[in-house]
Every structure is written in structure tokens, then in C-alpha cells.
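From first to last, the protein sequence lines are chains A and B. When we follow full-length UniProt numbering, the leftmost residue of the first sequence carries the number 1, and every step to the right adds one. When we follow full-length UniProt numbering, the leftmost residue of the second sequence carries the number 1, and every step to the right adds one.
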Amino acid sequence: MTGEIAPKPPLRRYHAARWDEPLLFELSQPGQRGILPPALEPGLAADAADELPAALRRERPAALPELAQNAVLRHYLRLSQENLGADLNIDIGQGTCTMKYSPKVNDRLVAGHKLAALHPRQDDETAQGVLEILWRLERMLAEISGMDRVSLQPGAGSAAIWTNVAMIRAYHESRGEGHRDQVITTIFSHPSNAACAKTAGYEVITLYPDADGYPDLDALKAAVSDRTAALLITNPEDTGIFNPRIAEFVEAVHAVGGLACYDQANANGVLGITRARDAGFDLCHFNLHKTFSTPHACGGPAAGACGVSAELVPFLPRPTVEFDGERYFLDDDRPESVGKVRPFTGVAPNLVRAYSWIASLGAEGLREVAEIAVLNNNYLMTQMLKIRGISAPYAKGRRRIEQVRYSWEELAEETGVHSEDLGHRAADYGVHYWTSHHPYVVPEPATLEPTESYSKRDLDEYVAIMNAVAEEAYADPETVRTAPHRSSVHLNKEETLDDAGAWAVTWRAYRRKNAER
Amino acid sequence: MEHPYIPNAVPEVKASMLAATGAADIEEFYADIPESLRLRRPLDLPPPLRGEAELVRHVGGLLDRNTSTRDALSFLGGGCYAHHVPAVCDEVNSRSEFLTAYAGEPYEDHGRFQALWEYQSLMGELLEMDVVNVPVYDGFQATATALRMAARITGRGRVALATPIDPDLRSKLDDYLKGAVTLGGPVDGDDLAAVYIGYPTFLGVVDPRIPSHVEAAHAAGGLAVVGCDPIGLGVLAPPSSFGADIVCGDIQSLGMHPQYGGGHAGFIATRDEERFVEEFPSRLFGLVPTTVDGEYGFGDVAYERTSFARREQGKEWVGTAAALWGITAGVYLALMGPTGMRELGEGLMARCRHLKDLLAGIDGIEIPDAGLPHLKEFVVTFTGRTVAEVNAALRERGIFGGHDLSEDFPHLGRSALYCVTELHTKADLDRLAAELKEVLA
Chain A
1 MTGEIAPKPP LRRYHAARWD EPLLFELSQP GQRGILPPAL EPGLAADAAD
51 ELPAALRRER PAALPELAQN AVLRHYLRLS QENLGADLNI DIGQGTCTMK
101 YSPKVNDRLV AGHKLAALHP RQDDETAQGV LEILWRLERM LAEISGMDRV
151 SLQPGAGSAA IWTNVAMIRA YHESRGEGHR DQVITTIFSH PSNAACAKTA
201 GYEVITLYPD ADGYPDLDAL KAAVSDRTAA LLITNPEDTG IFNPRIAEFV
251 EAVHAVGGLA CYDQANANGV LGITRARDAG FDLCHFNLHK TFSTPHACGG
301 PAAGACGVSA ELVPFLPRPT VEFDGERYFL DDDRPESVGK VRPFTGVAPN
351 LVRAYSWIAS LGAEGLREVA EIAVLNNNYL MTQMLKIRGI SAPYAKGRRR
401 IEQVRYSWEE LAEETGVHSE DLGHRAADYG VHYWTSHHPY VVPEPATLEP
451 TESYSKRDLD EYVAIMNAVA EEAYADPETV RTAPHRSSVH LNKEETLDDA
501 GAWAVTWRAY RRKNAER
Chain B
1 MEHPYIPNAV PEVKASMLAA TGAADIEEFY ADIPESLRLR RPLDLPPPLR
51 GEAELVRHVG GLLDRNTSTR DALSFLGGGC YAHHVPAVCD EVNSRSEFLT
101 AYAGEPYEDH GRFQALWEYQ SLMGELLEMD VVNVPVYDGF QATATALRMA
151 ARITGRGRVA LATPIDPDLR SKLDDYLKGA VTLGGPVDGD DLAAVYIGYP
201 TFLGVVDPRI PSHVEAAHAA GGLAVVGCDP IGLGVLAPPS SFGADIVCGD
251 IQSLGMHPQY GGGHAGFIAT RDEERFVEEF PSRLFGLVPT TVDGEYGFGD
301 VAYERTSFAR REQGKEWVGT AAALWGITAG VYLALMGPTG MRELGEGLMA
351 RCRHLKDLLA GIDGIEIPDA GLPHLKEFVV TFTGRTVAEV NAALRERGIF
401 GGHDLSEDFP HLGRSALYCV TELHTKADLD RLAAELKEVL A
């Protein structure tokens, strides 16, 4: 028997959990119970629901599955094992999303009843602790951005973009300039900048990069007019390239009476290095789940923060958190406010986590975060560019800030293997990899962002995985194209996802559409 | 500075990485940032608490100054609810694999896709509707988007409000719908995109006239958008049974702690018709076959609708919202099952009835809608004292009284919205009544 089992190869022999877990509905056993609601005590009317008029009384029980408690737990724990969280992998493949370490202590801090069981309609006197944290966090973010006030109410980054657009609209209307009906953004800014502006009624003008990868300043100057409400722009953009003429962009917009709004989704590399207000921006936003470490939670809950200059303060969502020297309180009396963008005062547990993260690092620590994130990124780029078939378009030979948008164009031309296929194959090694937002202006894109959280050893391992996958694309493209092979499941057959007659968003729809087959 | 969150801060590591990049120092990476934009001073922030124990002492100490609904006996509701959270819900949503994942593909994140598709499916059974989205931020966002969807589907621009709504929701709608949808007016007319109906209403009433509002909207060629708290649907008829076209609301009640407003997530549900589905801005996960017979895979249904795919050409916008709360609500519904949801609904109505009866018998209190059914909330009117006075007195006795409605609903007089949950014992309700009797005496 000796010699038949190969030795451990240099890369991890990762294999995702493959539980072949049935759907919850297939596990149902009528009669089983997962949890019992509190029993009705004597003296409480068991028939109170009979007050309901017949048309509003549920006739047949909901067709929910029936499972014992450990069956529910086991099902979801198996699904959790079939999911690759940031805690378990070198999560640098979701560039622009700043997948940094979310400290466990912050999760513990918000799990206790002093926050978890706090009701948002409680009297301010009974919520002084959380209000003080919100007040302090606002001041920290104001200092980091240079802005005068910061709203912590938006639920995440796109909601923060929406909030900024709403404030821009209210600002112009308050000055009798509601005729401004255009918003300018760039193709390498997050799609929500364009989409939120459109939803608010603006015509969207999108600037494309010049030969160096910077948004085209001449194109901006040609686009601005008395119809310009605002510029929504990211810097560094999703390419990782910092736009050195950003102040000129801001000036060009100000010159026609527009506002400049900074999407700081990519702020991690510039903490303590440069600030939104110092470049002349009127508004900005942070994603607290990115730069400020709150966990990404499979896609939220997250938290957003909108910073504004003094001129925009009256339009901030209400309530604001105020301090009169003795007590903290919510101020709802803000007549020019855009109003509520979300219930209550924001995603409080994530605001506490973000506060705790900043408190742990302080000024010197935040600067170290930025510097190491940028060092990690440039180190990673140096190593990635040694891989066959990859390039970093634009600004050749220049450094990058927080992430890099790479291109596998050469590899695709030479092998027929696409960026997306490489990602599927990378999953076989226990890492995640993302292409980029649509449209693919950079052909065959990939966006990596190592943040400050990963060690040199981690980065070297990621590069070794990507190198192995790229080499395999040349040597054995079929294996890459048919990946994943060691994942929980295999390649989807996706045709039904765009077919109204066959798509299945729920179990009931699936059964209905497949009953006749 | 060697901080536990920054592994490569070790000087030797830093030096070797710099050498690999060929850079002399880290400043070189910032060469593109003009000097005029550089911050040449340290940020003005409090000194760091680098040790975990010091951090816990500080942050934990601040939080300890709060009085939670565990410390007091609370009757607060109005959109956020302190229902029981099953231990399994917290167990699942604090798993690293779910808590720290983000936007993986259907392969490395198969579990997230299946759990969210199952959430959609469980909500689909509760609502008896075939399409439910991956959660949006909260019930406000769900409502705002549902109304914009109704306007796009009908090509009309006005939504009538058939029931009293949360003034904060109204504030959200006023701004979010500006330029796209106007609010108000009769449930009639050829400009009617939809009627919006709260079920129960913000004031807690399960209004028997709801089906007639739905009929009126349909008669005018509009849609019926019903906002509901799904916690009641074990006893309340699913809105689809009386003709609702779009159902929306918040799922915070289904397994999320109140978290000072951090537990919210929004759902939108429709029939499985292309004209509805194509108007969702949100992710919709779908079940698909894979290359291996018998295997279930999951992917995005009609992705080209979204702003992820088409920027401003997509429907509204989509981003990171509240997926983990969707997974949690799925766990909650899986635990509760049909019997649990029915028993819970009956228990809420029984406690609500008991408290209504108790309070109605107290001098100085009137229950304006006493004759109508309530699920878990109802209006209490004080004929003498102000709500602020009553609540201050109750607070001294360790009770959080109902949310003050006096300013927002002046026609109700000195009124408060009282909320019960299944966690209130009969003794809790009796205690509130006894204390109120003393306070009002």
C-alpha cells in the first residue's frame, strides 16, 4: 500500500463542508416543535383571537416546516459550515469592501442586555450610556473627516449615499435652486452613487477614466453647469489610484454652485493621512462595516455615517444626538431636516462596535492601520504582478492606495479562462475572490484589498493560490472552467434565474412550477 | 506600534515588505496625494485603550449606565418590540461563518444563499405569497420601495393612506417618494397607484374595514399595499387572502433583540408575476439545479433589474442591508412552526385583551378603540395627567410606560401607545394597572 497516497502538497488541501443538506421543508415532521411560546396563565382569555372578524382570522395554519429544536440548530450549523466567513479565510478577494478583522470583544460588548434589550423609544434619561457613545463616535468621525457634524442614522453605505443625495436636494431647494437636475459621478465610483441620484430624480452624468485611470477633469469641466447639483466621487477610486487633482474637481463643481460629495468607501488607506473637508468636500460618507471594522454579516446589518460641512448641518436626518454639558439627548426639532432615513437612531450595535474599534486604536493606531493597509496592498501588487497573465491597468509603475483592480485579459486571451472561472477555482483553496462591479470597464477584472488585518504570511499564501490557479488555467483550463470541485456544491445551471416561468424565489413557487414535471 | 489588530506592524516584517516593493518608505505610497491635502498633525482623538480589559471597562462601563427593558418593566412598542428571542437564533447569527461573511459566490457561500432562500420561503408560507426579497434595511425602506414599486407597476403617481401611520415612517416616505409618488387623498380616482394599509395600524388596531379598502383600490385600478408585522400572522389572515398585491414591513419581531433600533430589517412580498418581480430593487435568490443531478444551487433571480448590474438603469438601488437578520428570522420561523406562530398570536391577543380590560376600569383612563380587535398594541388616553407626567411617575416605579402620542396625534388627546408581548406575565399586567391607579389617583 505504501506510496499510493501522495504527500501533502504545498498548498492547503482545503475542502468545503459538503453536507448535502436538504431544504428545511424536506426535514419537516408534523407534530415536532422547535420552541414553545409562554403558556397562557389562568385568567388570560384563550379565545381573545375570536374578536377578529372572520375575514381577518387565519383559516389554515401557515405551511411552515415542523422540526425539533436540535434539528433546526443542526440544519443551520451545517449551512454555516458551508459558508466561508472572513474569520476563516484570507478574505482579501472582495476588493473595495475592506474585509478587515472584526474584533470579537466588540461583539461581546453589544450582546449584553444593556444594549441588546434597550428600546429605542426609552426616555433619554435611561439611555445615557449609548447616547454618550453615539455623541463621542460622531466627534471622532468628524475629526477623521474634517466635517462639522456626522449623522449615524443610515443603515449602510448605499443608505448613506442616499442620505447625502437627499441632503443635496434639500440644500438646493432651500436656496431656490431646485432647477439643478444633474448629478455627476464616475464609472469607478460605487454603482449606488449613480443609482441613488437617479432615484432622487436626477439625471446622471458618468465620467470615464482618462489614459492614466483618473476621472477626466476636462470631461468634468465640460459637464458642469448651472444644472449641476453635485459631484459624487470616490477617491481613491475602485482602481486604488488616488486622484491628485481632486481639489480641482471640487473647485470645478463649486464654481457652478454645485456641491461636492465624497464616497469614502475606500477610506481605510487614508485615515489620518488626508481628510474630505481639507479637499473642499461638502459631504462625505463612511461605511462603518468597512473602514471601522463592524462585521459584514452576510450583507448587513452594517452602518453608514454621513459627514457634512456647517452649511449642510440643518439638513441632517433627525434626530441628532446633543449634549448640554450634563446630559445627552435626542433633538428631533430640526425643521429643515430631510427627516428620517431609517427608524430611530441607526444600527446601534454597529455604532458601538465602531466606537470601540476607534477607541482601541486612537490617532496613532488609525494612522498605522492606513499605512499598513497601503503597505500590504503595494506588497500584494508586487507579488501578484509576477503571476502569468495578470496586469494592473492604468498608471503603470505607480503605487496604489488601498486596493488594486487587476486584469486577467492576457490570461483570458491565451487560455479562454475568464476571471470569474478563476474565482470559482480559488474557492477550491478556501479563499474568496471577486471580479468587480459592472460594467467591466477593466476587462477580466479582479479587485483585491488586503487591509491591515492580514499578515505577510497570509498575503504570500493568497498569492501562491492565485499563482497555482493561473498556472492551471494555462496547463489544464478545463479543470478551472468546471470549478469549483471542492466546494459545497457544483456549478449552477442558471438558465431558470431569468425565466419567469421557471424561477423559484420560494419553496411554494418551486413546488408549484415543478409539480407538473 | 504593535497592535493586536495589525500583524504587519512588526518592524522587521514592515522592512522586508517595503524592500520587496522597492519603496524606501511608506510615504512613497502616498506620492499621489498633494502636500496641500496632507494632514500633518495627529488626529485629535482620545488616547487609545489598547488592552482589551481596559476597552471593556470603558465601553462596558458606558453601556452599564443604560437601564434596559430587562431592568425595567417595559410597555414600549411602536415599531420595535421586545419579544422573546430563542437561544438558537442568537446561536446561529453569532456563528463566525455567518457573522463575518459578506458577498461570496454561491459556491464558497452556499450556506448563506440557502439560508436566505429558506428565509424567503418561510416568509412566503407565512404570507402565502410566492416572492419575498432578501431583506432591505428596515420596514421604512421596505414600505417606501413597495410604494414606488406600486407606482411603477401601475404607471400612476398617488398613494392613499387608509390607516394612521407612524409619523417617522411618514417622514421617511415624504423624502424618499419626493418627485415620484404623492401621498394622501381618497381611495379612488384614475391617478391611484395604491392604497397603503397598516395591518395592524400604527395605533395597534386590526381594522375590520381593511378588506373594503383593498376592494376600493382594486375598483379604481390601483394596488393594495399592506404593511404588517409578521409576528401576528399565526392568528391574523395573511394579507394575500383579502387581496393584497404587495405586502411589506419589518421583521424585527421575528428573533431580533431591540438593540436600541439595531434589529430592523425589511421585507417585501408579491405574487409571482413578472410585472411585480421586475420592479424589485433588492436581491431575490432563486433555487437552481447544478451540474450534479439532485444537488440544489442558488443564484440571483432577474439580476439585470438591479443597480448592481446596471447602475442608474436598475430599479432604485441596492446595497448591503440586513441579510443576517433575514437568516435569523428564518431560524425563528423554523423553530416556531405553524403551531408556535398560532399560539404566540393567541397569547399576544389574550394579554392585550387583559390589559385593555384592566386599564379601562381605572379612573382617569379611557381606551378609545376598546371595541376593536388589537394584536399587541393599543392607545391609552389619560383624561387628567399628561403622558409625560404619567411616564415620569412610572419610571420612578421601574416601569417604562407607553410611547407618548400627544404631539403626533393631537386629536387623541393625552394618549400613549401601550404594547404587550408574550413575555409579560399576568402579574406584570396587574402590576402596571395597580401602579397606574396609584399614579392617577
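By construction, the Cβ of each residue, glycine as well, lies at the ideal position given by its N, Cα and C atoms.
- Of Pro450/A, Leu411/A, Val404/A, the smallest CA-CA separation from serine 436/A is found for Val404/A.
- Cα atoms of leucine 207/A and valine 288/B: separation of roughly 38 Å, rounded to the nearest angstrom.
- Residue environment analysis places threonine 383/B among the exposed positions, since fewer than 16 neighbouring C-beta atoms fall within 10 angstroms of its C-beta.
- Within the same chain, Ala156, His289 come within 6 Å of alanine 302/A by CB-CB distance, once the 5 residues on both sides are set aside.
- At the C-beta level, serine 307/B and alanine 195/A come within 8 Å of one another.
- Taking C-beta separations shorter than 8 Å and ignoring five residues to either side along the sequence, the partners of arginine 271/B in its chain run Met129, Asp130, Val131, Ser240, Asp245, following chain order.
- Between the region 401 to 420 of chain A and the region 338 to 352 of chain A, the count of C-beta pairs closer than 8 Å stays below three; the two stretches do not touch.
- Not a single CB atom of chain A sits nearer than 8 Å to the CB of alanine 162/B.
- Bounds of the alpha helix (DSSP H) holding cysteine 196/A are 191 to 199.
- Here histidine 83/B carries a coil assignment [DSSP, helix/strand/coil].
- Close to proline 120/A, with beta-carbon spacing below 8 Å, are these residues of chain B in chain order: Cys80, Pro258, Tyr260, Gly261.
- The C-beta separation of threonine 328/B from serine 102/A comes to about 18 Å, leaving the pair out of contact by the 8 Å criterion.
- At least one C-beta of chain B is nearer than 8 Å to the C-beta of methionine 140/A.
- Here the C-alpha atom of alanine 360/B lies approximately 50 Å from the C-alpha atom of alanine 142/A.
- Take tyrosine 474/A, set aside five residues on each side of it, and the residues of its chain with a beta-carbon closer than 8 Å to its own are Arg388, Gly389, Leu411, Glu414, Thr415, in chain order.
- In the DSSP assignment, phenylalanine 242/B forms no beta bridge with any residue.
- Cβ neighbours of glutamine 120/B within its own chain (closer than 6 Å, five residues either side excluded): Val132.
- Under the Cβ distance rule, tyrosine 196/B does not count among the residues neighbouring chain A, no pair being separated by less than 8 Å.
- At a cut-off of 8 Å between C-beta atoms, serine 415/B does not count as an interface residue with respect to chain A.
- With a 10 Å radius around the Cβ and a threshold of 16 neighbouring Cβ atoms, alanine 39/A comes out exposed.
- With contacts defined by Cβ atoms closer than 8 Å, leucine 64/A and methionine 341/B form a contacting pair.
- Taking 8 Å as the cut-off, the Cβ atoms of tyrosine 406/A and alanine 392/A count as close.
- Chain B places no beta carbon closer than 8 Å to that of arginine 12/A, leaving this residue out of the contacts.
- Positions of the beta strand (DSSP E) runs, each at least 3 residues long and wholly inside the UniProt domain "Aminotransferase class V" (174 to 292) of chain A, are given as 182 to 186, 203 to 207, 228 to 234, 259 to 263, 283 to 287 in order along the chain.
- Under the Cβ criterion of 8 Å, serine 253/B is not counted among the residues facing chain A.
- It is roughly 10 Å from the alpha-carbon of glycine 346/A to the alpha-carbon of tyrosine 137/B.
- DSSP lists Cys228/B as the bridge partner or partners of tyrosine 199/B.
- In summary, glycine 31/A is exposed, with fewer than 16 beta-carbon neighbours lying within 10 Å of its beta-carbon over all protein chains present.
- For the region 97 to 124 of chain B, the beta-carbon criterion of a distance under 7 Å to any beta-carbon of chain A is satisfied by Glu97, Phe98, Leu99, Thr100, Ala101, Tyr102, Ala103, Gly104, Glu105, Pro106, Tyr107, Glu108, Asp109, His110, Gly111, Arg112, Gln114, Ala115, Glu118, Gln120, Ser121, Leu122, Gly124.
- Rounded to whole angstroms, the separation of the alpha carbons of valine 313/A and alanine 162/B is 35 Å.
- Contacts with chain B at 8 Å (Cβ-Cβ) include lysine 456/A.
- DSSP, reduced to helix, strand and coil, places glutamate 322/A within a strand of the structure shown.
- As a beta-bridge residue in DSSP terms, tyrosine 296/B pairs with Pro289/B.
- The three-state secondary structure of threonine 143/B, taken from DSSP, is helix.
- Out of Arg95/B, Glu105/B, Ala434/B, the CA that lies nearest to the CA of aspartate 107/A is found in Arg95/B.
- For lysine 376/B, the closest Cβ of chain A is not nearer than 8 Å.
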